[in-house]
Amino acid sequence: MRPENPLPATPEIRITDNEFRRFRDFFYRRTGIVFSDAQRYYVDRRLSDCIIAAGSRGFPDHFARLLTEPEELERLISMFTVNETYFYREEYQLRCLTSTLLDRITSHKKPGQSIRLWSIPCATGEEPYSMAIWLLENWSHVDSWDIEIIGSDIDTRALQAAEAGIYSERSLMRLPRHLVAKYFTVIPNGQYRIDDALRGSVQFSRVNVIDQADTGRWRDIDVIFCRNVLIYFDETARRTAADNLYDSMAPGGYTCLGHTESMSRISPLFNVCRFPEAIVYQKPGEGIHA
Amino acid sequence: MPDHPNDQPAGRLTRPRVLVVDDGTLIRLYYREALEAAGFEVGEAINGIEALEKVLSERFDLVIVDISMPKMDGVSFLRTLRGQTGEAGAIPALVISSEAGEQDAAAARAAGANYYLIKPVAAPDLVLHVAVLTGMPA
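For the record, the sequence lines run as chains A and B. Under the numbering used here, residues 1 to 290 are what the first sequence spells out, in order. Under the numbering used here, residues 1001 to 1138 are what the second sequence spells out, in order.
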């Protein structure tokens, strides 16, 4: 969990038990994210910050605005979703991508055809850009295929940051220095801007993974990275997310989850593949899309 | 650094300029990174039409062309390029194809390709061929 905001709590904004429950249900329906009673303090603090930042008079006033003003809802989602990540996080899955998954996928395609990779949620872009850098650096067939990389997230502010492609030293801590020098430029405030061409190699879009109307726009995805998000969902939302990802995948495509997550406990639709680097989940039907 | 005569573009006196023509964003980036690291200056185009506009308005010492592209493919581009009068029509062309078929190679040669490679092309191989075709000392 992130360190708490050092600002003192404003005494006027108090969230009652009933309001907390209303908010929790509302947030769950919109995002699939579940807050437990143990997270009450965290939720109250973030919610108070949102109410003050938006200039609302209190919870009832702000809640009404959340229902009618999409931009307030976006701001709230941004405050509550954890967007901290870094380049080359869980590198073993990137290694699995180039050592195993892409070879299997391309064995059923003709050279020059497209390969679609989807990072969802992509937060501020570190993951989809990592995929691009990893492929450029580690896959000798990178020029033989039309590789499409898509980054999606529910948080539009995170997506704007992803498109801007400006990162702190901290985001780059795991990326080898020669790659930082190759793909980034230091800007005057000491941050790093990603190479323009690399920025153009990833397509960003807002997608809520539990909303079929959103995910339904994406089809024939060969590899999905959906890491460390399902842990925030309850069983129902996890199942919905898994079904939606399944529908977006090409037959024979693969989904990679975070290292603490397991699709076997969520959905029976996928085949479990145990590769040397990682356990990944395959949509049955390899070869159908040949 | 020598002075540049007014009628001579600055790039000619410094680094050979290569135009990479491919519809794959990541592919262009891959070739560009390899060539820039080896001292070439690189331009990019996403199809034959955009490439024609570039070679007619800027000076390039070599074009690297993918065969399969939307709008205007590599072979059509080469035919049109070779039909141009002046320096643009004579720019050396390296064709890179995803297909190992003889048909593509023959079509590329007939359209005016100087050399033909099959993907995947490793970065050192690309640099070597580009250096030879541009007359750049290795």
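Every residue, glycine too, gets a C-beta built ideally from N, C-alpha and C.
query, result
"For G1039/B and F1077/B, the rounded distance between their alpha carbons", "26 Å"
"Short CB-CB distance (under 8 Å) between S144/A and chain B", "yes"
"Residues that T255/A bridges to, as DSSP identifies them", "I224/A and Y281/A"
"Option in M79/A, T100/A, E69/A and S48/A with minimal Cα separation from C256/A", "T100/A"
"Among L198/A, F225/A and I166/A, nearest to V209/A - alpha-carbon criterion", "F225/A"
"Below-8 Å beta-carbon distance, P1120/B vs any chain A residue", "yes"
"Proximal chain B residues relative to P128/A, where beta-carbon distance stays under 8 Å", "Near P128/A there are no residues of chain B at all, since even the closest Cβ is about 12 Å away, more than 8 Å."
"Any C-beta of chain A under 8 Å from that of I1027/B", "yes"
"Span of the alpha helix (DSSP H) around D103/A", "L102 to T106"
"Local Cβ density within 10 Å of D196/A, reported as buried at 16 or more and exposed below that", "exposed"
"Contact between the region 1068–1086 of chain B and the region 84–101 of chain A (3+ Cβ pairs under 8 Å)", "no"
"R1017/B: contacting residues in chain A (beta-carbon distance under 9 Å)", "What R1017/B touches in chain A: nothing, since even the nearest Cβ is about 17 Å away."
"L175/A versus C273/A: straight-line alpha-carbon distance, rounded", "28 Å"
"Proximity to L1094/B [Cα-Cα], best of L1056/B, V1042/B, T1025/B and L1117/B", "L1117/B"
"Other residues of its chain near M173/A: CB distance less than 7 Å, five sequence neighbours each side excluded", "Y86"
"A1010/B burial status per 10 Å Cβ neighbour count (16 or more: buried)", "Below a pLDDT of 50, predicted positions are generally treated as unreliable, and A1010/B, at 44, falls in that range; the measurement from the model is reported next regardless. With fewer than 16 Cβ atoms within 10 Å of its Cβ, A1010/B is classed as exposed."
"Cβ pair T81/A, W139/A closer than 8 Å", "no"
"Which of helix, strand or coil DSSP assigns to N1134/B", "Reading the sequence as shown, one finds Thr at residue 1134/B and not Asn. Here T1134/B sits in helix by DSSP."
"K1071/B versus R206/A: straight-line alpha-carbon distance, rounded", "29 Å"
"Proximity winner among M1069/B, I1067/B, G1043/B and R1032/B, relative to E1058/B (alpha-carbon distances)", "G1043/B"
"E1050/B, enclosing alpha helix (DSSP H) - first and last residue", "G1048 to S1057"
"Under the three-state DSSP convention, the category Q113/A falls into", "coil"
"Where the region 111–124 of chain A meets chain B: residues whose CB sits under 7 Å from a CB there", "P111 and G112"
"Assigned exposure category for Y1030/B - 16 Cβ within 10 Å defines buried", "buried"
"Where P284/A falls, given that 16 or more other Cβ within 10 Å makes a residue buried", "exposed"
"Test item: CB-CB of D153/A and C122/A under 8 Å", "yes"
"Chain A within 8 Å of E1058/B, Cβ atoms only", "no"
"Coarse secondary structure for M1001/B, derived from DSSP in three states", "Interpretation of M1001/B is limited by its pLDDT of 42, a score under 50 that renders its predicted location unreliable; the figure taken from the coordinates is listed afterwards. Correct three-state label for M1001/B: coil."
"Contact with chain B by I147/A, beta-carbon distance below 8 Å", "yes"
"Residue from G253/A, Q203/A and R30/A with nearest C-alpha to A237/A", "R30/A"
"Where the region 1094–1121 of chain B meets chain A: residues whose CB sits under 7 Å from a CB there", "S1098, E1099, K1119, P1120 and V1121"
"CB of V1021/B within 8 Å of CB of V1075/B, strictly", "no"
"Nearest-angstrom Cβ-Cβ length linking A1034/B and L1128/B, presumed shorter than 8 Å", "Not confirmed; about 11 Å, so no contact."
"CB contact check: H289/A to chain B, cutoff 8 Å", "For H289/A, the pLDDT reaches just 40, beneath the cut-off of 50, and the residue's location in the model is therefore unreliable, leaving the point undetermined."
"Beta-carbon proximity check, T124/A vs A162/A, cutoff 8 Å", "yes"
"Min CB distance S201/A to chain B below 8 Å", "yes"
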